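One structure is given below, encoded as structure tokens.
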Ligand code: UDP
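Numbering (the working numbering), first residue to last: 163 to 403.
As structure tokens, this is what we get:
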């Protein structure tokens with residue numbers, strides 16, 4: 163018997179997720195999480211055991227939490243271990259990165275040392291374009307490319323700071339430091355800006371609060387070992403599963 167949400171056509175396949183249309187629900191999509199992992203602009207490829215299940219569960223949990231705190235997200239409902247129904251958004255092609263602790267690409271742009279706490283969170287924009295390698299851009303670049311209006315740019319920054327304020331203590335209570343993370347936003351049918359995509363160890367740097375052990379995709383990126391175990395540990399600390 164077909165369920166309430168019957169997936170019809172695959173409209174997109176990304177590095178970690180697929181998107182499908184749903185019969186009779188024009189304003190909804192089905193987002194499916196895969197075990198596939200890529201790094202360094204897809205030069206490194208692999209799979210992480212159970213990542214699809216874990217990332218679907220984590221995104222469902224965290225987006226539900228954000229919703230309760232007044233942040234609008236695209237989540238409608240998780241319908242299987244790896245699938246969730248989402249609102250159809252027009253994605254703004256900007257990756258909004260927020261940082262609390264220096265790590266990753268920030269170390270190459272500044273004299274900050276890995277692990278250094280930032281006195282104030284840094285919010286950065288990257289233009290989502292594989293052929294350009296997702297370059298760092300500023301507000302004027304975003305305006306020049308008409309990626310967003312001046313007002314929308316402010317909305318993105320404000321939303322990123324608000325989400326950071328909610329998620330920092332959320333993770334810390336679960337023994338994890340939120341080092342940095344990437345968000346994607348889109349516009350719903352009324353033009354309202356809403357949080358989309360996912361929040362998972364693929365898109366966040368999460369360090370053990372006591373030992374600073376890396377419990378995120380950096381274990382895959384830099385072949386640190388125990389990749390599956392790190393994702394399973396984050397799942398356990400957040401959802402208890
Ligand atoms: N990030 C992401 N997708 C990207 C690039 C970055 O989810 O395409 C996340 C990454 O996991 C980290 C944060 O954004 O939590 C900041 O990443 P950074 O700019 O340091 O780039 P990286 O060195 O990870 O490529």
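Even glycine gets a Cβ: it sits at the ideal position worked out from N, Cα and C. Bear in mind that the values here come from a model prediction, so they are computed numbers and not experimental data.
According to the neighbour-count rule (16 or more other Cβ atoms, all chains shown, within 10 Å of its Cβ), is residue i buried or exposed?
i           : result
residue 384 : exposed
residue 163 : Residue placement at residue 163 is poorly supported in this model, since its pLDDT is 45, which falls under 50; the coordinates still yield a value, given next. Under this definition residue 163 is an exposed residue.
residue 182 : buried
residue 397 : buried
residue 174 : exposed
residue 347 : buried
residue 365 : buried
residue 311 : exposed
State yes or no: is the C-beta of residue i within less than 8 Å of the C-beta of residue j?
i           : j           : result
residue 260 : residue 343 : yes
residue 177 : residue 195 : no
residue 328 : residue 233 : yes
residue 378 : residue 392 : yes
residue 243 : residue 224 : no
residue 190 : residue 169 : no
residue 401 : residue 220 : yes
Let me check you understand the geometry: is the CB of residue i closer than 7 Å to at least one non-hydrogen atom of ligand 1?
i           : result
residue 365 : yes
residue 301 : no
residue 267 : yes
residue 257 : yes
residue 291 : no
residue 330 : no
residue 382 : no
residue 342 : yes
residue 197 : no
From the DSSP output, which residues share a beta bridge with residue i?
i           : result
residue 208 : 199
Am I right that residue i and residue j are in contact with their C-beta atoms under 8 Å? What's the rounded C-beta distance?
i           : j           : result
residue 322 : residue 256 : Wrong, their Cβ atoms sit about 10 Å apart, outside the cutoff.
residue 222 : residue 205 : Not really, about 30 Å apart at Cβ, beyond 8 Å.
Report yes if the C-beta of residue i is less than 7 Å from at least one heavy atom of ligand 2; otherwise report no.
i           : result
residue 347 : Looking at this structure, you won't find ligand 2 anywhere; what it does contain is ligand 1.
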